[in-house]
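A.B. asks:
Numbering (this note's numbering), first residue to last: 1 to 311.
(1) Round the Cβ separation of residue 205 and residue 249 to the nearest angstrom and send it over; I've been treating them as touching at under 8 Å.
(2) For residue 170, does the three-state DSSP call read helix, strand or coil?
(3) Residue 156 lies in the alpha helix (DSSP H); which residues open and close that run?
(4) Taking all protein chains shown into account, decide if residue 297 is buried (16 or more other Cβ within 10 angstroms of its Cβ) or exposed.
(5) Cα separation between residue 151 and residue 139?
(6) Would the beta-carbon of residue 75 fall within 8 Å of that of residue 110?
(7) By a C-beta neighbour count over all protein chains shown, 10 Å radius and 16 as the cutoff for buried, is residue 29 buried or exposed?
(8) Which residue from 198, 105 and 240 puts its Cα closest to that of residue 255?
(9) With DSSP as the reference, label residue 273 as helix, strand or coil.
(10) Taking all protein chains shown into account, decide if residue 289 is buried (16 or more other Cβ within 10 angstroms of its Cβ) or exposed.
(11) Are the CB atoms of residue 41 and residue 73 within a distance shorter than 8 Å?
(12) Should residue 47 be labelled buried (16 or more other beta-carbon atoms within 10 Å of its own) or exposed?
(13) Three or more beta-carbon pairs under 8 Å between the stretch 182-190 and the stretch 217-225, yes or no?
(14) For residue 257, I'd like the list of residues in its chain whose CB is within less than 7 Å of its CB, leaving aside the five on either flank, ordered along the chain.
(15) Out of 268, 66 and 49, which one is the CA nearest neighbour of residue 168?
(16) Could you check if residue 192 is buried or exposed, using at least 16 other CB atoms within 10 Å of its CB as the buried criterion?
(17) Drop a sphere of 10 angstroms on the beta-carbon of residue 59, count the other beta-carbons inside from all chains shown, and report buried for 16 or more, exposed for fewer.
(18) Answer yes or no: do residue 238 and residue 212 have a C-beta to C-beta separation smaller than 8 Å?
(19) Buried or exposed for residue 86, going by 16 or more other Cβ atoms inside 10 Å?
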């Protein structure tokens with residue numbers, strides 16, 4: 001535990017050290033500027049010379065400011081030290097070739113000296129200036145591209161917010177329903193008239209066949225299980241009805257299955273439904289205004305189902 005605390009404390013100290021050093025350097029540069037403004041040029045140049053000699057600047061702007069103040073103080077102090085001032089101004093110009101001294105704050109002879117040094121360094125400053133301008137152009141284009149991208153994203157968000165909320169409805173069907181009797185395959189495919197017709201006919205023929213079979217068994221003698229003369233004639237006719245009814249029933253079943261299989265569609269796309277959000281304070285329920293106005297019995301029709309098989 002102690003080792004962990006020690007390691008954490010060490011990492012915090014290392015993280016805070018650069019920040020503390022930057023603050024100290026900035027304070028020293030501020031004091032040097034105060035010396036320059038108050039005319040204590042020798043004191044300012046001594047303070048700044050120590051800073052630039054150590055070279056511990058973390059900020060390029062702070063470094064350039066220190067060299068700028070050093071060059072000014074070296075020109076204005078007595079006696080002047082122009083060669084050292086040239087070296088200081090050179091450090092400023094090599095970082096930013098477009099640096100200018102404001103004659104409102106800096107004596108004119110210092111401005112003239114600085115401009116002369118810039119003119120002499122022009123062969124070295126030209127490629128640096130071109131590089132700086134190219135970097136600024138690249139940065140400007142990046143900022144413009146980012147701004148354009150943000151505008152495009154914002155426009156897309158507005159468009160999406162204005163787009164209506166649409167419910168896409170699909171009826172899915174199962175093929176095995178096509179093989180069922182009583183017109184269920186036709187009802188699933190949406191052919192209700194044929195489905196009801198097949199259902200009615202198959203019920204009728206199936207009932208006739210099954211009923212005939214039951215009547216035939218009812219005509220037998222309970223003791224001998226044989227027909228009498230009259231019952232035999234009736235049973236013979238009922239036998240015909242039984243087999244004709246059975247043949248019609250299975251024939252309609254087979255025909256209906258073939259027809260349903262031919263017209264089978266796995267799914268059907270219904271008309272899209274516009275979802276309208278309810279007004280504030282309105283009771284929640286169906287989002288579609290027509291459904292809210294529809295009578296209760298109109299809601300019995302399912303919107304989406306595995307198949308349409310119920311009459």
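For glycine and all other residues, C-beta sits at the position ideal for the given N, C-alpha and C.
Predicted model only: the values in this text are computed from it and were never measured.
C.D. replies: The structure says:
(1) For the purposes of this step, residue 205 is taken as the residue at position 205 of the chain shown. For the purposes of this step, residue 249 is taken as the residue at position 249 of the chain shown. Yes, they are in contact, since the Cβ atoms of residue 205 and residue 249 sit about 4 Å apart, within 8 Å.
(2) Working through the chain shown from its first residue, we reach residue 170 at position 170. Here residue 170 sits in strand by DSSP.
(3) Numbered from its first residue, the chain shown carries residue 156 at position 156. Residue 156 -> alpha helix (DSSP H) spans 122-162.
(4) Start at 1 with the first residue of the chain shown, and residue 297 comes out as number 297. In this prediction, residue 297 scores a pLDDT of 41, lower than 50, which makes its location untrustworthy; the coordinate-derived value is nonetheless stated afterwards. Classification of residue 297: exposed, given that the 10 Å Cβ count is below 16.
(5) As a working note, residue 151 is residue 151 in the chain shown. As a working note, residue 139 is residue 139 in the chain shown. Using only the alpha carbons, I get a separation of about 18 Å.
(6) Along the chain shown, one-based indexing puts residue 75 at 75. Along the chain shown, one-based indexing puts residue 110 at 110. Closer than 8 Å, so yes.
(7) Along the chain shown, read from residue 1 onward, the residue named residue 29 stands at position 29. Classification of residue 29: buried, given that the 10 Å Cβ count is 16 or more.
(8) Residue mapping note: residue 255 aligns to position 255 of the chain shown, counting from 1. Cα-wise, what sits closest to residue 255 is 198.
(9) Along the chain shown, one-based indexing puts residue 273 at 273. Reduced to three states, the DSSP call for residue 273 is strand.
(10) Numbered from its first residue, the chain shown carries residue 289 at position 289. Caution applies to residue 289, whose pLDDT of 46 falls short of 50 and renders its modelled position unreliable; the value that the coordinates give is listed next. Residue 289 comes out exposed.
(11) Against the chain shown, residue 73 aligns to sequence position 73. Against the chain shown, residue 41 aligns to sequence position 41. Yes. Within cutoff.
(12) For the purposes of this step, residue 47 is taken as the residue at position 47 of the chain shown. Classification for residue 47: buried.
(13) no
(14) As a working mapping, residue 257 is identified with position 257 in the chain shown. Taken in chain order, the residues that qualify are 178, 179 and 185.
(15) Working through the chain shown from its first residue, we reach residue 168 at position 168. Answer by Cα proximity: 268.
(16) Indexing the chain shown from 1 puts residue 192 at position 192. Exposed is the call here.
(17) Position 59 of the chain shown, counted from the first residue, corresponds to residue 59. Exposed, because fewer than 16 other Cβ atoms sit within 10 Å of the Cβ of residue 59.
(18) Here residue 238 is taken as the residue at index 238 of the chain shown, counted from 1. Here residue 212 is taken as the residue at index 212 of the chain shown, counted from 1. The answer is yes: Cβ separation under 8 Å.
(19) What you label residue 86 is simply residue 86 of the chain shown in a count that begins at 1. Buried.
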